[in-house]
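Numbering (the numbering used here), first residue to last: 4 to 227. Beta carbons are placed, not taken as given, at the ideal position from N, Cα and C, and that holds for glycine.
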């Protein structure tokens, strides 16, 4: 089992990491919210332990952005706050569980095991465009019966395009929803669209992803 800890307090982060590794988990750590979001987008985890107050991007924004991208990895929020409104906001942004500091490592590991066993709260629908399909829950893509291996970022980009299939989507919109940073250079989108085309279109003689000159891209609702 692989877990991501996003926590900026060194003592807490080290205690969690060492405790979970002793339980047999593979653990990655980020001490900033924006770094944690990037790691959760680029890698696959069985669960995420997410602090609320973080430099770079707070836990509410990290969790909400992951859910908007279709990432259903179970999230446990950690915070020094104990108000009902903070807990409610955390759950409303898509967190699956909520633990208030100070906490017992025994309790955190037990609730983490339960969270992983329970898995995502709800299974998103499989997205389809002709014979191109994307299963957000299983994180798999198919062209017909053939599975296509995508990186997490490629998967997020294709998922957003498929949600908006038939529509012209701007590069700024893609940067905002897939990268959560509309200040990045547009060329990043162009590069990843090229990656996707080489995987879902070119080997099959298709053109599902169309360029809308001067604007962005459009996914053919018939899959090209």
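| query | result |
| --- | --- |
| Rounded Cβ spacing between residue 6 and residue 28 (contact assumed at less than 8 Å) | 5 Å |
| Environment of residue 194 [buried if 16+ CB atoms lie within 10 Å] | exposed |
| Best match in 44, 121 and 129 for proximity to residue 79 [C-alpha to C-alpha] | 121 |
| Environment of residue 157 [buried if 16+ CB atoms lie within 10 Å] | buried |
| Outcome for residue 46 when other beta-carbon atoms lying within 10 angstroms are tallied against a minimum of 16 | exposed |
| Residue 76 burial status per 10 Å Cβ neighbour count (16 or more: buried) | buried |
| CA nearest to the CA of residue 136, picked from 74, 57, 166 and 13 | 166 |
| Local conformation of residue 180 per DSSP, three classes | helix |
| Cα-Cα separation, residue 192 to residue 73 | 18 Å |
| Neighbour-count burial assignment, residue 168, 16 or more Cβ in a 10 Å radius | buried |
| Distance between beta carbons of residue 59 and residue 282, contact taken as under 8 Å | An answer regarding residue 282 cannot be provided, because it is not within the stretch 4 to 227 covered by the chain. |
| Residue 141 versus residue 24: straight-line alpha-carbon distance, rounded | 26 Å |
| Residue span of the beta strand (DSSP E) that contains residue 152, given as start and end | Neither: residue 152 is in no beta strand (DSSP E) and is coded neither H nor E. |
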